[in-house]
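Below: the structure, in structure tokens.
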Amino acid sequence: MSKKTFNAKVLKNCLLLLCLLALATKAQAAITGSADTVIKQNDNLAIGKPLPNLSLQTADGATVNLATLKGKVVLVDFWASWCMPCRASIPRLKTLYQLYGAKGFDILSVSIDQNNKAWKTAMLKEAMPWLQAIDKYENGKDASVLMNVLGIQSVPFVIILGKDGRVMLINPDGTQIETALTKQFNP
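Each residue of the sequence shown is one higher than the one before, counting from 1 in this note's numbering.
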């Protein structure tokens with residue numbers, strides 16, 4: 001195979017991959033409801049309210065209770081090993097964690113994977129240094145427990161909690177997250 005033919009095939013495959021990624025991103029955007037819709041439909045998730053105090057299983061088999069995170073600004077990141085936009089956001093989360101982790105900021109990544117092995121493999125591959133937990137699916141339910149309680153319909157989904165444990169932001173974009181953290185830690 002000539003170099004020109006090889007380059008043409010590689011280019012064709014790259015273009016195909018980009019098209020598929022664009023379609024997947026568009027499909028994800030189409031099924032993701034706005035934060036306003038989630039707030040209106042669910043009283044458990046609203047600015048100024050604490051999240052329901054549920055316990056989640058951590059990667060090492062222990063449990064974490066949301067109430068134990070009070071006293072820090074916490075970014076709760078709902079994700080899954082199969083969610084490419086979720087995985088793409090991890091480097092930005094690592095940067096935020098490095099910048100603000102020592103100042104009272106923490107991250108709780110909550111996987112909605114149905115398969116523990118897939119979750120743990122992705123978690124190790126991504127080398128996320130913050131707290132990891134899994135939001136288990138209940139028998140016969142089509143959504144994980146905490147996502148069901150909060151009315152979250154898709155991932156990625158981010159909630160920022162203030163030091164008092166109350167919701168500050170619901171599904172903010174990267175700029176809104178950075179602005180909020182800058183205000184909290186660099187007034």
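Note that beta-carbon positions come from the ideal geometry of N, C-alpha and C, so glycine has one too.
None of these values were measured; they are calculated from a predicted model.
By the 16-neighbour rule on beta-carbons within 10 angstroms, Leu56 is buried. When the beta-carbon positions are compared, Asp106 and Lys136 stay at least 9 Å from each other. Remark: C-beta atoms of Leu146 and Leu75 do not approach each other more closely than 9 Å. The beta strand (DSSP E) runs of length 3 or more contained entirely in the segment 36-124 are, from start to end of the chain, 55-58, 63-65, 73-79, 105-111.
At the C-beta level, Ala67 and Gln132 stay beyond 9 Å of one another. For Met168, the three-state secondary structure derived from DSSP is strand. Bridge partners of Val155 according to DSSP: none are assigned. Beta-bridge annotation (DSSP): Ala133 is paired with Thr58, Val110. Contact between Phe185 and Tyr100 holds, since their C-beta atoms are separated by about 5 Å, short of 8 Å. Glu126 and Asp113 have their C-alpha atoms spaced approximately 15 Å apart.
A direct Cα-to-Cα measurement between Leu169 and Gln153 gives close to 17 Å. When the Cα atoms are used, Pro172 and Ile47 turn out to be separated by approximately 12 Å. A buried status is given to Leu51, since no fewer than 16 other beta-carbon atoms sit within 10 Å of its beta-carbon. Straight-line measurement puts the Cα of Gln98 at about 31 Å from the Cα of Asn44. Assignment of beta-bridge partners to Leu161 by DSSP yields Val74, Val167.
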